[in-house]
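Undergrad:
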Amino acid sequence: MQNNLLRKSILIPLSLGILLILLALNLAMGSVSVPISEVFDIVLGHGSSNIIWENILLRTRLPQTIVAMGAGMALGVAGLLMQTLFRNPLAGPSVLGISSGSSLGVGFVLLIAGQFWGFSFSRLGIWGDLAVIIASLGGAFAVLAIILFISHKIGGTLSVLIIGVMIGYLSNSVVGVLKFYSMEEDVHNYVIWGLGSFSRMSVDRAYLFAIITIIPSLLALFLSKSLNLMALGDRYASNLGLKIKRARLLIILCAGTLTAIVTAFCGPIIFIGMAVPHLAKLVSRTSNHFYLICNACILGAITALLCNLLARLPGIDSELPINSVTAFIGAPVVISVIWKKRKENF
Amino acid sequence: MNKNLLQIKNLSIGYGNKLVAGNLSATIPAGELICLLGSNGTGKSTLMRSICGFQPILGGSVLIDDLEVNQLSEKELSKRIAVVLTDRVVVPNASVQELVGYGRSPYTGMMGRLNAADKIMVSRAMQECGIDHKKDSLLSSLSDGERQKAFIAKALAQDTPLIILDEPTAFLDLPARVEIMQLLRDIANTSQKSILMSTHDLDLALQLSDRLWLLQNGVPLITGSPEDLLLQNAFQRMFQHKGIVFDNKTGLFKVMHDQHSQVAVKGHGFEYVLLRRALSRKGIKVIRANEEESSWLEVKNDSKEAFSLFVDGECIQTESSLEVFVNQVMKMQVYLEVKSSCTIFSE
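From first to last, the protein sequence lines stand for chains A and B.
So the first sequence is numbered by my numbering: it starts at 1231 and just counts up by one.
So the second sequence is numbered by my numbering: it starts at 2 and just counts up by one.
1) Could you tell me which uninterrupted beta strand (DSSP E) segments, each at least 3 residues in length, are contained entirely in the region 248-305 of chain B, listed from first to last along the chain?
2) Strictly below 9 Å CB to CB, what residues from chain C border A:T1516?
3) Rounding to the nearest angstrom, what Cα-Cα distance links B:E180 and A:L1305 in this structure?
4) Give a yes or no on whether 8 Å exceeds the smallest Cβ distance from B:M49 to chain A.
5) If you measure between the beta carbons of A:I1481 and A:L1457, is that distance less than 8 Å?
6) Report the residue ranges of all alpha helix (DSSP H) runs contained in full by the region 37-82 of chain B; include only those spanning at least 4 residues, in chain order.
7) Comparing the C-beta of B:A83 with each C-beta of chain A, is any distance below 8 Å?
8) What residue does the alpha helix (DSSP H) around B:L230 start on, and which one ends it?
9) Roughly how many whole angstroms lie between the Cα atoms of A:L1244 and B:S62?
10) By the 10 Å Cβ neighbour count, where 16 or more other Cβ atoms means buried, how is A:W1423 classified, buried or exposed?
11) Around the C-beta of B:K4, are 16 or more other C-beta atoms found within 10 angstroms, so that it is buried, or is it exposed?
12) Buried or exposed: A:F1576, going by 16 or more other Cβ atoms within 10 Å of its Cβ?
13) Just the Cα atoms here: how many angstroms apart are A:L1539 and A:N1525?
14) Using a threshold of 8 Å, state whether the C-beta atoms of B:K120 and B:M127 are closer than that.
15) Where does the unbroken alpha helix (DSSP H) through A:N1280 begin, and where does it stop?
16) Who pairs with B:T28 in a beta bridge, going by DSSP?
17) Check the Cβ of A:N1402 against every Cβ in chain B and list those closer than 7 Å, keeping chain order.
18) Quick one: which chain A residues come within Cβ less than 8 Å of B:P162?
19) Using only the alpha-carbon positions, how far apart do A:L1449 and B:T224 sit?
20) Span of the alpha helix (DSSP H) holding A:M1504?
21) Going by other Cβ atoms of all chains shown within 10 Å of its Cβ, with 16 needed for buried, is B:Q72 buried or exposed?
22) Among B:N41, B:A118, B:D160 and B:S226, whose alpha-carbon lies nearest the alpha-carbon of B:S192?
23) For the region 47-74 of chain B, which residues have a beta carbon sitting closer than 9 Å to at least one beta carbon of chain A?
24) So, with DSSP's three-state summary, where would you put B:Y108?
25) My output table needs one value for A:R1435: the three-state DSSP class, helix, strand or coil.
26) Please tell me whether B:A206 and B:G32 are closer than 8 Å, where the distance is taken between their beta carbons.
27) Would A:R1465 count as contacting chain B if we go by Cβ distances under 8 Å?
28) Suppose you measure from the CA of A:L1400 to the CA of B:G113; what does that come to, to the nearest Å?
29) Roughly how many angstroms lie between the CA atoms of A:A1510 and A:L1522, to the nearest whole one?
30) Is there a C-beta anywhere in chain A that falls below 8 Å from the one on B:M127?
31) Which class does A:I1565 belong to by DSSP, given the choice of helix, strand or coil?
32) Would you mind giving the Cβ-Cβ distance between A:V1297 and A:F1495, rounded to the nearest angstrom? I have them listed as a contact below 8 Å.
33) So, with DSSP's three-state summary, where would you put A:F1428?
34) Name, please, each residue of chain A whose Cβ falls closer than 7 Å to the Cβ of B:P107.
35) Apart from the five residues just before and just after B:C53, which ones in its own chain have a Cβ nearer than 7 Å to its Cβ?
36) Assuming the contact rule is C-beta atoms closer than 8 Å, B:I58 and B:L163 should be a hit. Round their C-beta distance to whole Å, please.
Printed below as a string of structure tokens:
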């Protein structure tokens, strides 16, 4: 108990500290290094003697950092919700096929438009971006609506999971057909979208993104009682007074919305949503989702910032695609968690 | 007489069109420990689930506090019935204290925070179940018996007049079974809660429960105190045709062995009983020697070499180990066998 209390009281400030350090590093480091003091001046609006630094920071690194934090937070929380709901350590935000729905929406826009109207969306600039975002949200929410409808009609949690996975496969196969009949340039654009990126947004849009990801992430705290009971299994949960169907609906709605938003703005980011909940559970040994959601928020932001930092380490000319970095960070985390847990009955 | 907490009237249970059991009627008075007995497949779990409101009933009614269970909301029901299930749920990273704390959920607010009174209830429940020394341990690190105690503490913390347990002793070793049953007995005595549990441990149920429910295929539910049911020979009828014999006097089962020969034995006492049991397992029935046989076995009590083998009136072997003796008897069986025209059939 002593040990546990100690851990609790130290860990939150510690992880917040790490978060701040990573934040500063994200702003300072890259192909051009900016001194930390200048970083503070620029971000706080005091301006800088070096106009190039100011441009780099405000136009590129600041929005990128904000987006990474918001996305990491949202995906961490969404992943935690899914893992608890389905009582499956391998579940993640994409398990219900919501990001596949996004991909399908984006696929329609990027791949079909070229065929029908004879132009490529990448040439449309800002309108093209907006069209991609809207298509992605449309696809994701369409799948989310189907899942919610099914979850309302069907009793078991497992059937919802299976149907979600099946919808994912279906949309992937439709995307496969679309790709097959598309122009090479469009397929290239689609592949690039699928690699994910935190750097597609201006500073204003990054702030907007932060708001619409952080608010639902924090709203998830209100689901913590339901999640605690759901973790005991449907029967115990309902015996303890929980309306299972309503709780499940709210949990899927919350996780689905978070996933849909992140996927629309950043593309399908893999592994963060699956690895972060494991880290959150590792940091504080509790089954109370109030603390787990807080942990997932902080650790999600930390993980995403770390990935973002690694994606543009000094010495690499261009940025690496974010998904290749997340896999490198996420896979070892998941493996080590499973390895550590092998002693417990798992 | 106590007021009836739960009433089951003409209840039919099953899934969809499939009727598992019908015409069930029973009551649970306040403060009694009730054991539900029945073979696998008679619908024990289905009955429990129907009472808990986990599955729709096909007919009849289940009333708790004179209210239909099916019409109560989850919240109202959660303050009346607490359950302990057989399913082995894995709750990642949950400590005993947290689990028992979740038992207070029907009474906590939106965020599920425990107030001071809730915390007192939680620690009292853990103390009553003798699990408070493990309160910070993870559920996954507990033994099966401790785990079961933690879940019973959770049900206690839920503060309901009725606790329903589906085979709480199923995965436990004998000492843990006795401990859990005694714990439940104590809870019923001290807290005036009613407890309904299903079990296969007939001997423990006979000793510890106030009332038994016997569920059998195609027969109405038989209920009554263990002693009354013994008087009515209810158990013999229940286990008919199953190759087992229920001994009313001891409340124990005897296994029926096929017997293909019989030997005569002189003697009595504990050694005699043991010899009879050892031979019976080998398919040899023991009959009382009546001075007519030429070959017999003899048991001397309190002697170092208790067992002797007589063939044609001569003692050819004495033995202290029953195992060696029985093997010898098996070898000499042709000489020892007592022919009998009647059908050989014993307990």
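Built from N, CA and C at the ideal position, the CB exists for glycine as well.
TA: A quick look at the data gives this:
1) Listed in chain order, they are 253-256, 262-267, 285-289 and 297-300.
2) Of the protein chains in the structure, A and B, none is chain C.
3) Looking at the backbone, the Cα of B:E180 and that of A:L1305 are separated by about 46 Å.
4) Not one chain A Cβ lies under 8 Å of B:M49.
5) Yes, they are a contact pair.
6) The region 37-82 of chain B contains these whole alpha helix (DSSP H) runs: 45-53 and 75-79.
7) Yes, contact with chain A.
8) Here the alpha helix (DSSP H) through B:L230 covers P227 to L232.
9) Straight-line Cα distance between these residues: approximately 58 Å.
10) Counting other Cβ atoms within 10 Å of its Cβ, A:W1423 reaches 16 or more and is therefore classed as buried.
11) Exposed.
12) The predicted position of A:F1576 is uncertain, since its pLDDT is 42 and thus under 50; a value taken from the coordinates is nonetheless stated next. A residue is called buried when at least 16 other Cβ atoms come within 10 angstroms of its Cβ; A:F1576 does not meet this threshold and is exposed.
13) Taking the straight line joining both Cα atoms gives about 21 Å.
14) B:K120 places its beta carbon 8 Å or farther from that of B:M127.
15) Going by DSSP, A:N1280 is part of no alpha helix (DSSP H) at all; its letter is neither H nor E.
16) As computed with DSSP, B:T28 is found in a beta bridge with B:Q8.
17) Chain B residues near A:N1402: none, gap ~30 Å exceeds 7 Å.
18) For the C-beta of B:P162, not a single chain A residue is nearer than 8 Å; the gap to the nearest is close to 14 Å.
19) Distance from the CA atom of A:L1449 to the CA atom of B:T224, rounded to whole angstroms, is 51 Å.
20) Element bounds for A:M1504: I1502 to V1513.
21) Sixteen is the threshold: since fewer than 16 other Cβ atoms of the shown chains lie within 10 Å of the Cβ of B:Q72, the residue is exposed.
22) Here the closest residue by C-alpha is B:D160.
23) So the list reads R50, C53, G54, F55 and S74, given in the order they occur along the chain.
24) Note: B:Y108 maps to helix in three-state DSSP.
25) A:R1435 falls in the helix class under three-state DSSP.
26) Cβ distance not < 8 Å, so B:A206 and B:G32 don't count as in contact.
27) So, interface residue.
28) A:L1400 and B:G113 have their C-alpha atoms roughly 39 Å apart.
29) Each residue's Cα considered, the two are about 6 Å apart.
30) False, the Cβ-Cβ gap to chain A never drops below 8 Å.
31) Helix at A:I1565.
32) About 7 Å separates the beta carbon of A:V1297 from that of A:F1495, a gap short enough to meet the 8 Å contact definition.
33) A:F1428 sits in coil when the DSSP states are folded into three classes, being neither helix nor strand.
34) In chain order: L1470 and G1471.
35) Cβ within range, chain order: I82, V84 and I165.
36) Incorrect: roughly 17 Å between the Cβ atoms, too far for contact.
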